[in-house]
Every structure is written in C-alpha cells, then in structure tokens.
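> To start, I am sharing the structure in question, which I have written as structure tokens.
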Amino acid sequence: MMSKKVPKLFLCLFTILSLSCSKTEENVPLTTPTAQIDVDKLVRKASLINQDIPFRIINEVGVDVTDLATFYVNDEPIVGSSFSSASIGVFEVYGVYMEDGVEVTTNTESFNVIIPKRKIVVEDYTGTWCGFCPRVSAALTSLHAETDDITVIAIHETANSFEDPMHFGPIQILKDAFDIEGFPAAKINRTVNWQNPHVNSDVTSMAGLDTNLALAINSELVDNELTVQVNVVFEEGSAAGDKLVVYLLEDGIINDQVNYYNEDSTSPFYNMGDVIPDFEHNEVLRNSLSSVLGDAIPATAALTEYITSFTFTVPDDYVVENLSIAAMVVGEDNSAKNSQFAHIDEDKAYE
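Structure, rendered in structure tokens:
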C-alpha cells in the first residue's frame, strides 16, 4: 500500500494478520510479544521501477522497531530497511527482530513494482435541461464497458432558466479555460474535443498505455469530515507548471432529464419520454478539493513522492456511500497527463 505522511486517523485502519515467535533461552515467558504492524507502514502497495521502497515496523506499544529488524524480500535478507527493483514484479516482505529475548516474525505483505499506466480523463459538460446530452451519457456507458483506464467527470450547469440541482458553481472557470460554448460538450484529457458520435477508440487507443507518472489516493470519512490524501510520483521528476486537480464526485443522483431522442429508434433513449423521469446521473462533479484548475506541484525529484492532503465537510444532502475522488496531474497547458479514481474510504495504490 502507498507510503503516507498522514494524520493519525489513517493509522488505525490496519491490523496485524499473523505472528510467530520462538523461545530462544530458558525461563523466557511464553506470552507472545505482539508486533502490531500498520500494514501501510510495513510497505506501500505499489512503487515504480528503481523507486526506493521503505519498510517499517511499529510494535504493540507504538515503538518503531525498524532499526532492530532484518527484512526479507522473497525470503532473502536485505541490507537496511529499504528495497528497490530494476524490473517489474510482485514481491513479498516480512521482518524479523528480537523483543524481550523472543524472536518476532511479522506477517508477510506483498507489494508490486510497476510501470505506470495511463488513465484517460473524459469530461462531460451537461445539464438536465439539455435534450442532446443523453448521447454523451450513453457513450460513457459504452466506454466504461470497454475499459477501466478512464476517469469520468460529469460537469452540470443550470441554463435557459431551467435549474439543474447538480449545477457546479465554478463551471464558468472551466468553460473559459477549455472553450466550452455549447452543450453537450465532451473533452478528452481536458483539452481535446471528443466529437460526436463519440467513438470509443478515440479514448481506448490511449487508455492503459505506459506512462511516466502515477497517482495514488487514500481517503477516510469520519462523520461528515472527509480527509483525502493524494500521492504523486514522477519517473523523471515534475515539470514546470504541473498542477494537481482533485474533485469530489457523486454517483446515483436521480433527476428528470430532457430527452430529444425519444422518437429516434436508433437511440438507447427511444420511447423513454421527452423528459426521462428518474434518470440516473453518475460521476457528477460536486466540489473541487483543490483549486478548480489545480494546485501547483512544487519541484519534485525523480522517483520522489509528492504527498498532499485535503479536508472537506460533506454536506448532508450528499449520499456518502456514492461519493468518489477523481485526481489528475495536468501540465502547464491544463492538459491531463495522468489520473486516478477511487471511492471514499478506498486505498487506491499506484497503478
């Protein structure tokens, strides 16, 4: 799992899986000492080729015993408490140390060394009043069925004296930045038009290809207080003008939708009504946790994690089990370089 510098609220999420001990001298109590290993601190879930992967052990009383331990990767001892690999693969690590004369072996955790894959950002500028907008919704449904390597964001606007309850307040900032004049409008990686008839291959031809940066997301919701951490790592270091965009999305919002395809027998919305009642709206942009166009990423060296956190009080009218996080790194021209998507309370590693 990903390495984090996080508030203590994250640190209580994980527990030890198993322990073993051996008696090493006479008259040693048979009580098994415990090494309560926060799995996240033992090893992050995924790392890049040649990236330093630190290991850490915390015992039951909260003492860091990393320096006392010998770590084994794929059953081979390593020097020190970190590891890196020049090739991709799945690895296993555990630690062994002495406590009160008893040898303690931690649980074994697996981790991956990866080449990052590209997740394409697809944005849908839409409104419940927009009769042509369902066509983009249908295209996104088809796209989801073909690939998981996408991050979809539906951006709603109130218009034509027709109120859209999902209206995104700062939408004009996005419309000005990305030359949005009419709806529906669909964008690939923020800056490229996804033209009607919205061919899947326009997206899938890029989705999942090797790239040079990765994002990880971890979040926790306590009562209505949401904490989100985003980690970013670059193979070759960040570029001038790079920014991090982090959005809060919601699925399953039910609202009527105007439909100009009611009499089009080739449309999936044929005979569903000029206004489709109880239409399900998904991946709706509810709030921006970062600045709308992104927060500047400070100069970050190659294979060094940039880690930042956000807090947000979730309004009572949001359905918390339907919330998710979309994060993307964009360049100086606001074009998305890579993205990541995760549900609330999900620990999404580098991919």
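Numbering-wise, the sequence shown is residues 1373 to 1723 according to this note's numbering.
By construction, the Cβ of each residue, glycine as well, lies at the ideal position given by its N, Cα and C atoms.
1. Could you tell me which residues DSSP pairs with Ala1698 in its beta bridges?
2. Name, in chain order, the residues that DSSP records as bridge partners for Leu1323.
3. On the premise that Lys1491 lies in contact with Thr1523, defined as a C-beta separation below 8 Å, what is that separation, rounded to the nearest angstrom?
4. Please classify Tyr1466 as buried or exposed, where buried requires at least 16 neighbouring CB atoms within 10 angstroms.
5. Span of the alpha helix (DSSP H) holding Arg1464?
6. Please work out which residues of its chain come closer than 6 Å, Cβ to Cβ, to Ala1668, disregarding the five sequence neighbours upstream and downstream, and give them in chain order.
7. Suppose you measure from the CA of Ile1545 to the CA of Ala1557; what does that come to, to the nearest Å?
8. Please classify Thr1638 as buried or exposed, where buried requires at least 16 neighbouring CB atoms within 10 angstroms.
9. Identify whether Pro1506 lies in helix, strand or coil by the three-state DSSP scheme.
10. Note down the Cα distance separating Ser1577 from Ala1517, rounded to an integer number of angstroms.
11. Starting from the Cα of Asp1719, find the closest Cα among Pro1649, Glu1535 and Gln1601 and give me that residue.
12. For Ser1392 and Ile1430, what's the separation of their Cα atoms in angstroms?
13. Looking at the structure shown, is Thr1498 part of a helix, part of a strand, or coil, going by DSSP?
14. Return helix, strand or coil for Asp1412, following the three-state DSSP convention.
15. Could you tell me whether the Cβ atoms of Tyr1632 and Gly1503 are closer together than 7 Å?
16. Measuring straight from C-alpha to C-alpha, what distance separates Asp1582 and Ala1611?
17. Mind checking Ala1458: buried by the 16 CB within 10 Å criterion, or exposed?
18. Roughly how many angstroms lie between the CA atoms of Asn1710 and Glu1529, to the nearest whole one?
19. Is the beta carbon of Leu1585 sitting closer than 7 Å to the one on Ser1696?
20. Nearest to Gly1554 by alpha carbon, out of Asn1561, Asn1446, Ile1425 and Asn1532?
21. Roughly how many whole angstroms lie between the Cα atoms of Ser1454 and Tyr1444?
22. Residue ranges of each alpha helix (DSSP H) run of no fewer than 4 residues wholly in the region 1510–1588, ordered along the chain?
23. If you check the beta carbons only, do Val1493 and Asn1561 fall under 7 Å apart?
24. Leaving out five residues on either side along the sequence, give the residues of the same chain with a beta carbon under 7 Å from the beta carbon of His1539.
25. Tell me whether Lys1395 sits in a helix, a strand or coil according to DSSP, three-state version.
26. Assuming Asp1628 is part of the beta strand (DSSP E), what are its boundary residues?
27. Buried or exposed: Gln1629, going by 16 or more other Cβ atoms within 10 Å of its Cβ?
28. What's the C-alpha gap between Thr1498 and Phe1534?
29. Look up Thr1477 in the DSSP assignment and say whether it is helix, strand or coil.
30. Which residues in the same chain have their Cβ closer than 7 Å to the Cβ of Pro1537, if we skip the five residues on either side of it in sequence?
31. Figure out for me which residue from Asp1521, Ser1514 and Asn1484 has the closest Cα to the Cα of Val1415.
32. Pairs of beta-carbons, one from the region 1689–1704 and one from the region 1566–1577, closer than 8 Å: are there three or more?
33. Measuring only the C-alpha atoms, how far is Ala1418 from Asn1590?
On the basis of the supplied data:
1. Tyr1619 and Phe1713
2. Residue 1323 lies beyond the stretch modelled for the chain, which goes from 1373 to 1723, so this question has no answer here.
3. 5 Å
4. buried
5. It is worth fixing the name first, because residue 1464 is Glu in this sequence and not Arg. Segment Gly1461 to Glu1471 is the beta strand (DSSP E) holding Glu1464; no alpha helix (DSSP H) there.
6. Lys1615
7. 15 Å
8. exposed
9. helix
10. 15 Å
11. Gln1601
12. At Ser1392 the pLDDT is 35, less than 50, meaning the model places this residue with poor confidence; the figure from the coordinates comes in the next sentence. C-alpha separation (whole angstroms): 16 Å.
13. strand
14. Annotation note: pLDDT 41 at Asp1412 (below 50); position unreliable, coordinate value reported separately. If DSSP states are grouped into helix, strand and coil, Asp1412 belongs with the helices.
15. yes
16. 18 Å
17. exposed
18. 26 Å
19. no
20. Asn1532
21. 10 Å
22. 1543–1549 and 1573–1576
23. yes
24. His1528, Glu1529 and Thr1530
25. With a pLDDT of 27 at Lys1395, under the threshold of 50, the modelled position of that residue is not reliable, and the figure given next carries that caveat. Here Lys1395 sits in strand by DSSP.
26. Ile1625 to Val1630
27. buried
28. 13 Å
29. strand
30. Asn1627
31. Asn1484
32. no
33. 13 Å
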